[in-house]
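Chemist: The structure's right below; bear with me while I get my questions together.
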Amino acid sequence: MASIYLIRHGQASWGKPEYDQLSTLGCEQSVILGRHWQNMVKPDLYYSGGMIRHGKTAEHFFNGLEQYQSITSHLGFNEFDHMDVLSCYQPDWIDQRKFNQFLKLQKNPNKAFIVEFTQALKRWFSGDFSDYKESFVVFKQRCSKALEDVIKQVHLQQDATGKSAENIMIFTSGGVIASICAHVLGIGDKEMMSLNQQLVNTSVTKLLFNKDKVTLDSVNNYSHVELAGSKFITRK
């Protein structure tokens with residue numbers, strides 16, 4: 025069976041004016057992943073979501089790998105709009121500065137973020153509200169369709185040339201990875217939310233596939249950053 029490696033982006037710039045940028049640590053995490061992959065089978069194809077943090081994770085991964093390849097952008101691998109989810113839950117937070125200000129006033133900002141974001145996600149998951157730019161159902165469908173597009177392209181290439189890509193790497197986000205895992209395993213939204221919260225930056229989730237099925241081989245492997253030191257184990 026062929027393999028798909030889903031890579032969660034490096035640490036983004038949470039709390040900054042522009043979240044969709046890698047932090048310095050996020051760049052380092054991505055380089056560490058690339059160095060780790062020097063001893064592994066190199067992917068035949070690379071895909072990336074269209075967000076800045078996806079592209080920068082790929083760029084720094086290639087720096088660590090010391091090998092540069094072309095990469096195909098697929099917007100289906102974009103993360104859901106977390107600020108839209110938060111601002112629909114609490115309209116004042118449409119201004120991200122107000123949300124950041126709220127967190128700074130809390131005794132434990134990280135815990136406060138988890139509590140508020142979890143409640144915002146539950147509202148989104150419920151399907152009872154129509155004020156979102158992208159509903160939860162549409163988001164899940166988009167993620168599944170993006171995966172299907174990649175697999176379909178691999179099979180078309182095999183039919184046309186007799187050769188098939190055996191290893192594909194996709195740079196994306198935690199929500200997308202959790203949604204794809206939930207789709208493959210047939211698990212519910214609650215379990216998907218729990219998985220999303222556990223995914224480490226630059227962690228590797230591996231799928232296996234052929235023309236008949238897709239299976240989950242491993243989830244949230246972050247041994248490369250674990251070996252580098254605890255400061256590299258982040259989830260933002």
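For the sequence shown, the residue numbers in the working numbering are 25 to 260.
We treat Cβ as the ideally placed atom computed from N, Cα and C, and that holds for glycine.
1. To the nearest angstrom, how far is the alpha carbon of residue 110 from that of residue 117?
2. Distance check for residue 133 and residue 26, CA to CA, integer angstroms please.
3. I'd like to know whether the C-beta atoms of residue 213 and residue 149 end up nearer to each other than 8 Å.
4. Please work out which residues of its chain come closer than 8 Å, Cβ to Cβ, to residue 112, disregarding the five sequence neighbours upstream and downstream, and give them in chain order.
5. Specify the secondary structure class of residue 153 as computed by DSSP and reduced to three states.
6. Could you tell me the alpha carbon to alpha carbon distance between residue 215 and residue 62, rounded to whole angstroms?
7. Which same chain residues, not among the five before or five after residue 99, have their C-beta less than 6 Å away from its C-beta?
8. For residue 93, which residues from the same chain have a beta carbon less than 6 Å from its beta carbon, with the 5 sequence-adjacent residues on both sides left out?
9. So the candidates are 178, 128 and 103; which of them puts its Cα closest to the Cα of residue 203?
10. Put residue 258 into one of helix, strand or coil per three-state DSSP.
11. Smallest Cα separation from residue 138: which of 82, 242, 38 and 34?
12. With a Cβ-Cβ cutoff of 8 Å, do residue 78 and residue 196 count as a contact?
13. Is residue 209 helix, strand or coil when you go by DSSP?
14. What would DSSP say about residue 195, mapped onto helix, strand or coil?
Modeler: If we stick to the structure as given:
1. The alpha-carbon atoms of residue 110 and residue 117 are separated by roughly 7 Å.
2. A direct Cα-Cα distance of roughly 42 Å separates residue 26 from residue 133.
3. Cβ atoms of residue 213 and residue 149: closer than 8 Å.
4. 144, 147, 148, 153, 155 and 156, listed in sequence order.
5. DSSP places residue 153 in coil when its eight states are reduced to three.
6. The alpha-carbon atoms of residue 215 and residue 62 are separated by roughly 33 Å.
7. Close CB contacts of residue 99 within its chain, under the 6 Å cut and outside five residues either way in sequence, are with 74 (chain order).
8. Here the set comprises 70.
9. Nearest of 178, 128 and 103 to residue 203, Cα basis: 103.
10. Looking at residue 258 - three-state DSSP - the assignment turns out to be coil, as it is neither helix nor strand.
11. Taking only the C-alpha atoms, the option nearest residue 138 is 38.
12. Cβ atoms of residue 78 and residue 196: closer than 8 Å.
13. DSSP places residue 209 in helix when its eight states are reduced to three.
14. Three-state DSSP puts residue 195 in a strand.
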